[in-house]
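Protein chains in written order, with the numbering used here: chain A, 3 to 485; chain B, 958 to 1164.
Heads up, the beta-carbon is just placed ideally off N, CA and C, and yes, glycines get one too.
Here is the structure we will look at, set down as structure tokens.
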């Protein structure tokens, strides 16, 4: 909630149009109270089809083994781990928006946090599929959990970065889910109290846990959100750090670098924000939420994109410089021959990555383009393609030429079932997102109401008028904390 | 006689009489709370659609100590992680990883951190639900359906001595826009929102 009663007129309003509390409820809950339209059904069906294709691809892999994916003894990690890192990176924006921006008291987070958090959860679910099915014998996947067992007891290796990852990703998923759902409770109660049909009353009644809006409950809720934000802030930084340890703690040239943790975290935020942009630009258009997800919100996220994109670019160059400066011939070879050399088998991936992630986001230094919605959408897709290339470059170009030059002739390209698995996670992601957008409030209703009187366009205009009329009266009425 | 003991729905609370006043502006609500408290009426609760800064202080509620619970759960997570990994690698099943020490604290840091955060977050949310008596299937009396939409609903509890008409006019003078008297259960019970559940045979209660 906003601590200030007064917000500078220099700040853009966060809610456009002439709104009051009830209007906010109408605008946000309205779309989920009507039957889904044709567009929704088309999108949802496409997503389900992709998901089913993914399920079949996974069935092939489980039945016939990892060989279905064209992985071989040199390239043990291909598209699967690339996709894992890509999805988990995307899953970073939601918690960053809801946790770090909450601690920084950034008012604009209220318009985008709900959808971004939902996206985080779905992205982490998608990410989790890859390491699980990469295990091959997925039915013994529970061996990674440390519990007293009849196999010795045989414990997992707590010194292994891969096990740290199990803990990091599952903790991240759980905490993000709790954060998201605890924030949803009051809004689900709003939907429940407006429900007309028997089923909706029952469903939202169960889902809202009997929330009433009691002041004491709000006080606890605020405390909970703040502490969860405090916990989630180091958590969000730790998750991609630990994912980067999967590579950085190994001895493979191209992976064995200390710059990985900060570089991965910046990349994760970069790609996460790009995905939030892609989704929200469509969501605001389809659900007519332009007053809540304003061009100002989009610009704010583009600023984060240009910042993190520059950090990522800087990291690429630093990594390259250190590979040369470090004078380790294997490391330098991995960079000079496997990546920078355009005519090497995967040179195209390195330059694709450089163009999409380093060169293209620099265009957002232009305010005009930052505020251009169509252009932002195009850029957000480009950035996510670029970030996929980054993970592909890191993983495949480091392992395809290993210490045994006789294996070098192997050129890895994925099989249809490996691509199918990736497409399947898109299906899973969009199936979840379509359901979320149709049955849950996509904007944090209570949080928008809490900032409405300081950041709403109509209230800001009124305040400016009072300020011009009588500065002293304005101070007493609007700025001073009367209570 | 009420049927609460025979009801399949557990009831934790009492049936009481309340005067309910609705406000549509925080600026009116704050002075009203001040005046109601000064006049000596007992505010049962104020239901609001969003968190209003300073309302808890205005009502004289004490600070929540939920964060303390979070700290205790967090410390528990830290202890379980360090203790568990330490015990497993030094005593239960010591393994030699390239001659490195069995109790290698730096390598334990990531999992220790994750478990601290995990237990703290899960524990806090569970404590929150416990304190607020919230879980799927819990039902409570709602004094006004618009309390989750756009109204701030002040509920004043009546005692045997309370003159309801007086409280109603008092609220009206303080800017309440919709005022009524309700007899309701102040606790919670297991129930469904799509069903009207009569917890009492009202005709026999007799106030």
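In DSSP terms, what residue i is bridged to
| i | result |
| --- | --- |
| residue 972 (chain B) | B:1142 |
| residue 216 (chain A) | B:1004 |
| residue 200 (chain A) | Residue 200 (chain A) is not bridged to any residue. |
| residue 1131 (chain B) | Note: residue 1131 (chain B) sits in no beta bridge, so no partner. |
| residue 1113 (chain B) | B:976, B:1000 |
| residue 1147 (chain B) | B:1095 |
| residue 458 (chain A) | A:17 |
Neighbourhood of residue i by C-beta distance below 8 Å, restricted to the same chain and skipping five residues each side
| i | result |
| --- | --- |
| residue 395 (chain A) | 341, 348, 351, 352, 355 |
| residue 68 (chain A) | 136, 138 |
| residue 159 (chain A) | 165 |
| residue 203 (chain A) | 194, 197 |
| residue 227 (chain A) | 104, 181, 184, 185 |
| residue 994 (chain B) | 1000, 1016, 1017 |
Residue i (DSSP reduced to helix, strand or coil)
| i | result |
| --- | --- |
| residue 475 (chain A) | helix |
| residue 436 (chain A) | helix |
| residue 979 (chain B) | strand |
| residue 17 (chain A) | strand |
| residue 1095 (chain B) | strand |
| residue 1136 (chain B) | strand |
| residue 254 (chain A) | coil |
| residue 149 (chain A) | coil |
| residue 1119 (chain B) | coil |
| residue 348 (chain A) | coil |
| residue 178 (chain A) | helix |
| residue 1161 (chain B) | With a pLDDT of 43 at residue 1161 (chain B), under the threshold of 50, the predicted position of this residue should be treated as unreliable, though the coordinate-derived value follows. DSSP places residue 1161 (chain B) in helix when its eight states are reduced to three. |
| residue 1019 (chain B) | coil |
| residue 416 (chain A) | coil |
| residue 160 (chain A) | coil |
| residue 359 (chain A) | helix |
| residue 463 (chain A) | helix |
| residue 406 (chain A) | coil |
| residue 386 (chain A) | helix |
| residue 1011 (chain B) | coil |
| residue 165 (chain A) | helix |
| residue 236 (chain A) | helix |
| residue 76 (chain A) | coil |
| residue 1090 (chain B) | coil |
| residue 485 (chain A) | Its pLDDT being 46, under 50, residue 485 (chain A) is placed unreliably in this model, and the value from its coordinates should be taken loosely. Reduced to three states, the DSSP call for residue 485 (chain A) is coil. |
| residue 71 (chain A) | helix |
| residue 294 (chain A) | coil |
| residue 94 (chain A) | helix |
| residue 986 (chain B) | helix |
| residue 43 (chain A) | helix |
| residue 400 (chain A) | helix |
| residue 282 (chain A) | helix |
| residue 449 (chain A) | helix |
For residue i, the nearest candidate out of the options (CA to CA)
| i | options | result |
| --- | --- | --- |
| residue 1069 (chain B) | B:1143, B:1033, B:1000 | B:1033 |
| residue 267 (chain A) | A:75, A:235, A:66 | A:235 |
| residue 247 (chain A) | B:1126, B:1148, B:1067, B:1136 | B:1067 |
| residue 46 (chain A) | A:438, A:220, A:335, A:447 | A:438 |
| residue 436 (chain A) | A:284, A:409, A:449 | A:284 |
| residue 449 (chain A) | A:230, A:289, A:114 | A:114 |
| residue 171 (chain A) | A:126, A:362, A:264 | A:126 |
| residue 1111 (chain B) | B:974, B:978, B:971 | B:978 |
| residue 423 (chain A) | A:338, A:230, A:339, A:85 | A:85 |
Contacts around residue i, its chain only, beta-carbon distance under 7 Å, and the 5 residues preceding and following it disregarded
| i | result |
| --- | --- |
| residue 297 (chain A) | 373, 375 |
| residue 87 (chain A) | 245, 393 |
| residue 79 (chain A) | 397, 401 |
| residue 176 (chain A) | none |
| residue 451 (chain A) | 23, 26 |
| residue 76 (chain A) | 401, 402, 404, 409, 412 |
| residue 299 (chain A) | 110, 113, 114 |
| residue 148 (chain A) | 157, 158 |
Beta-carbon separation (whole angstroms), residue i vs residue j, contact threshold 8 Å
| i | j | result |
| --- | --- | --- |
| residue 400 (chain A) | residue 255 (chain A) | 7 Å |
| residue 358 (chain A) | residue 391 (chain A) | 6 Å |
| residue 57 (chain A) | residue 135 (chain A) | With a Cβ gap of about 11 Å, residue 57 (chain A) and residue 135 (chain A) do not count as contacting. |
| residue 561 (chain A) | residue 253 (chain A) | Here chain A covers residues 3 to 485 and nothing more, so residue 561 (chain A) does not appear. |
| residue 215 (chain A) | residue 1105 (chain B) | 5 Å |
| residue 91 (chain A) | residue 270 (chain A) | 4 Å |
| residue 287 (chain A) | residue 34 (chain A) | At roughly 16 Å, the Cβ-Cβ gap does not stay under 8 Å, so residue 287 (chain A) and residue 34 (chain A) are not in contact. |
Close Cβ partners of residue i (< 6 Å) along its chain, the five nearest in sequence each way excluded
| i | result |
| --- | --- |
| residue 1005 (chain B) | 1109 |
| residue 178 (chain A) | 97, 122, 123 |
| residue 313 (chain A) | 268 |
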